[in-house]
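Below is one structure, written out as structure tokens; the observations come after it.
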Amino acid sequence: MDSYILKLFISGTSMRSRKAREYAEKLAEKRDDITLKVIDVLENPDPAEDYKVMATPTLIRTSPLPERRIIGDLKNADKVIEFLDI
Amino acid sequence: METSKTIKKLATNIPGFDHISMGGLPAGRTTLISGSAGSAKTMFAAQFIIEGIQKGEHGVFVTFEESAQDIRNNLESLNWPVAKYEEEGKWIFVDASPGTTHQQMEMGDYDFNAIQARIKLAAKRINASRISLDSMGAVFNQFDNPNIVRRELFSLSRAVKSLGITAILTTERQDEYGAVGRFGVEEFVADNVIILRNILHQEKRRRTIEILKYRGTNHHKGEHPFTIIHDKGIVVIPLSSLELKQKSTDKRVTSGSKDLDNMCGGGFFRDSIILASGPTGTGKTLMATEFLAGGVEAGDKSLVFAFEESHEQLFRNARGWGIDFDRMEQDGKLKVVCMYPESAGLEDHLLNMKNVIEEFKPKRIAVDSLSALERVSSIKGFREFVIALTSFIKEKQIMGLFTATAPALMGGASITEAHISTITDSIILLRYVEINGEMRRGLTVLKMRGSKHEKNIREFIIDNTGMHLGKPFSGMSGIIAGNALHSDYKDSLNDIDEQMSSSL
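Chains R and H, in that order, give the protein sequences. If you're matching positions, the first sequence starts at 1 in my numbering and goes up one per residue. If you're matching positions, the second sequence starts at 1001 in my numbering and goes up one per residue.
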């Protein structure tokens, strides 16, 4: 079984950040093959620098490579799965 | 007028910039630098940080367009040790350039809080006093939704402002003389705006910098030319703000020719600028050669910038006139710099000449000829060049002899003359005089500021001992204008005229 690692960058508790977090956490719960890590850039900015993240929310599939990113509050669930190919 | 509310400035140490800005950039504030493609915005933004580090101020460079690696390489090729400064914790990059290793998609609303957090972190980490963001416009290329980008860039520039650090934001514009910015400058909190231009005019490139506005504090207005020099980067040439504050002296020194000294009331003033103008072959280079040799013999270090002859030609000619340039050069009393005028733009020539002058420290300088430089530039650029050079040498109390070539063989004014005759203190005209089927030469001192001088036109004789001034041409008129006529001849013509008209 393929496994996927997702990293979600958010900033604090803004509406955008909450929405994106809710969605990502729900997705990770449903799927065994997905590991999710949530990073709040306001508290922990270093990873943002490591991954060269400019906007929040940004959801990154870091594994398997090549990387894929979605920027935004992740409105459309199906499209997320499709684009990240997970 | 300084009030307690005047905004303080941070000296940038970018050569010439602190002068035209009367102190530097508004301290603790954000300044927008807007310029067309290739106008040196990135260089200005980088140089701001580099010069700061050399003063002990650390800086952050945020790049939205080129990768940090590309910028690092470009700056290292200018001999700026960015990698070393990074290791030493003095320079830090925030690389927000487009990623090449991933595919990206937008879905819904987003903000730029991540880049804001990264910038804050970087600034704190190295205790930055300077920050550059290059370039705001490039961000639009990274995202699909321009409305969101515009909103977030505005928020970003406010966040940078709130850091209280002196900041530069660069942005693009399209027309050199059009709108300030391409995306609407209002977004970027434009209290302070500087424009960089790279103008193509009559086939020549001219780089200028203009401080469009500084809120709450003064600066010199208008465009100032600048050039880019290896090792130094941007060097601004502050022309319009040059002040006429040269001291003046009564001391006279030799022109190199005793005959000419006599015509000039005893010689040239120590700090004067002399223009020697005449058609080709009338003896200007000889005059310049004697000027230099006379100087060396009188104890002046002499320097010549030759744009029309080679080193060998000059020295050979000098020998033919009994002057030993070789010895003078070997003794370190004479320096000869020969260059093709086409080899560089006028701003570069100017800076090169200034460097040579500062290093060699001559007491007198000859430029042979100015006309050669005039031919390779625009009228405006040439006039600015002459003003900048003459005020530079006057400030150093160096005497200068410039030669200019009049276009017509028999006389008439050269364009060079028309432009710089008001800047020069003394003007000497050389002309051909046709007498009885022979071409002879004449010299006259047209102007000599602050001194009596001979009004005659004397014959100018060249032989193997150099230049000599003979008797004045008497009984002739129209020499300088190029229509030399014996007064007798003219009288006879008048007689014939009268006879003819009375017989009608």
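Where is the CB? At the ideal position from N, CA and C, for every residue including glycine. These numbers were taken from a predicted model, which means no experiment stands behind them.
Classify R/Pro-45 as buried or exposed, calling it buried when 16 or more other Cβ atoms lie within 10 Å of its own Cβ.
-> buried
What are the start and end residues of the beta strand (DSSP E) that includes H/Ile-1014?
-> Per DSSP, H/Ile-1014 belongs to no beta strand (DSSP E) and is neither H nor E.
Indicate the three-state DSSP secondary structure (helix, strand or coil) for H/Lys-1380 in the structure shown.
-> helix
May I have the straight-line CA-CA distance separating H/Asp-1331 from H/Ile-1007, to the nearest angstrom?
-> 53 Å
Of all the options H/Val-1445, H/Arg-1431 and H/Ile-1115, which has the alpha carbon lying nearest to the alpha carbon of H/Gly-1265?
-> H/Val-1445
Are the C-beta of R/Tyr-4 and some C-beta of chain H separated by less than 9 Å?
-> no
For H/Thr-1101, go through chain R and note every residue whose CB falls closer than 9 Å to its CB, in chain order.
-> Leu-65, Pro-66 and Glu-67
Applying a beta-carbon distance threshold of less than 7 Å, which residues of chain R neighbour H/Asp-1070?
-> Those within 7 Å of H/Asp-1070 in chain R number zero; the least Cβ separation is about 15 Å.
Compute the beta-carbon to beta-carbon distance between H/Met-1105 and R/Ile-70, rounded to the nearest angstrom, for a pair I have assumed lies under 8 Å.
-> 5 Å
Does the ligand COA have even one heavy atom less than 8 Å from the beta-carbon of H/Phe-1291?
-> Of ligands this structure carries none, so the ligand COA is not represented either.
Contact with chain R by H/Glu-1384, beta-carbon distance below 9 Å = no
From the DSSP output, in three-state form, read off R/Ile-81 for me.
-> helix
Take H/Phe-1143 as the anchor and find which of H/Arg-1130, H/Ala-1096, H/Gln-1069 and H/Thr-1405 has the nearest alpha-carbon.
-> H/Ala-1096
Return the chain-ordered list of same chain residues with a C-beta closer than 7 Å to the C-beta of H/Glu-1002, the five sequence neighbours on each side being excluded.
-> For H/Glu-1002, the pLDDT reaches just 46, beneath the cut-off of 50, and the residue's location in the model is therefore unreliable, leaving the point undetermined.
By Cβ distance, which residues of its chain are closer than 8 Å to R/Phe-83, with the 5 residues on each side in sequence left out?
-> Arg-68 and Ile-70
What are the start and end residues of the alpha helix (DSSP H) that includes H/His-1220?
-> Unbroken run through H/His-1220: none, as it is neither H nor E.
Under a three-way DSSP split, which group does R/Lys-26 fall into?
-> helix
Within the same chain, show all residues whose beta-carbon is closer than 7 Å to that of H/Ile-1229, passing over the 5 residues directly before and after it, in chain order.
-> Val-1235 and Leu-1351
Is the CB of R/Lys-19 under 9 Å away from at least one CB in chain A?
-> Given the protein chain composition of this structure (R and H), no chain A is represented.
Would you say H/Leu-1200 reaches chain R, if we count a Cβ-Cβ gap shorter than 9 Å as a contact?
-> no
Sort H/Met-1328, H/Ser-1272, H/Leu-1389 and H/Arg-1383 by Cα distance to H/Glu-1290 and report the nearest one.
-> H/Met-1328
9 Å Cβ cutoff, R/Val-38 in contact with chain H | no
If you run the structure through DSSP and keep just helix, strand and coil, what is H/Leu-1373?
-> helix
Give me the Cβ distance between R/Val-38 and R/Ala-48, rounded to the nearest whole Å; I'm assuming they're in contact under 8 Å.
-> With 8 Å as the limit, R/Val-38 and R/Ala-48 do not qualify as a contact, their Cβ atoms being about 13 Å apart.
From H/Leu-1133 to H/Asp-1368, what does the alpha carbon distance come to, in whole angstroms?
-> 46 Å
Determine which residues of the segment 1103-1121 of chain H have a Cβ less than 8 Å from any Cβ of chain R, and write them out in chain order.
-> Gln-1103, Gln-1104, Met-1105, Glu-1106, Met-1107, Gly-1108, Asp-1109, Tyr-1110, Asp-1111, Phe-1112, Asn-1113, Ala-1114, Ile-1115, Ala-1117, Arg-1118, Lys-1120 and Leu-1121
Can you grab the Cα-Cα spacing for the pair H/Met-1192 / H/Pro-1026, in whole Å?
-> The residue asked about is misnamed: residue 1192 of chain H is Asn in this sequence, not Met. Distance between the alpha carbons of H/Asn-1192 and H/Pro-1026: 8 Å.
Select from H/Ala-1190, H/Leu-1200 and H/Ser-1310 the residue whose C-alpha is nearest the C-alpha of H/Gly-1216.
-> H/Ala-1190
DSSP state of H/His-1468 mapped onto helix, strand, coil = strand
Simplified DSSP assignment, three categories, for H/Ala-1128 | strand
Contact the segment 1428-1435 of chain H vs the segment 1390-1398 of chain H: 3+ CB pairs below 8 Å | no
Tell whether a beta-carbon distance below 9 Å holds between H/Ile-1014 and H/Glu-1051.
-> yes
So the beta strand (DSSP E) H/Gln-1054 belongs to, where does it begin and stop?
-> Looking at the DSSP string, H/Gln-1054 is not in any beta strand (DSSP E); the run it does join, the alpha helix (DSSP H), is 1041-1054.
Leaving out five residues on either side along the sequence, give the residues of the same chain with a beta carbon under 7 Å from the beta carbon of R/Phe-9.
-> Ile-39, Val-41, Ala-48, Val-53, Thr-56, Pro-57 and Thr-58
Tell me R/Ser-63's beta-bridge partners as DSSP assigns them.
-> R/Ile-5
Residue range of the unbroken alpha helix (DSSP H) whose run includes H/Glu-1210 = H/Glu-1210 -> not in any alpha helix (DSSP H); beta strand (DSSP E) instead, spanning 1204-1213.
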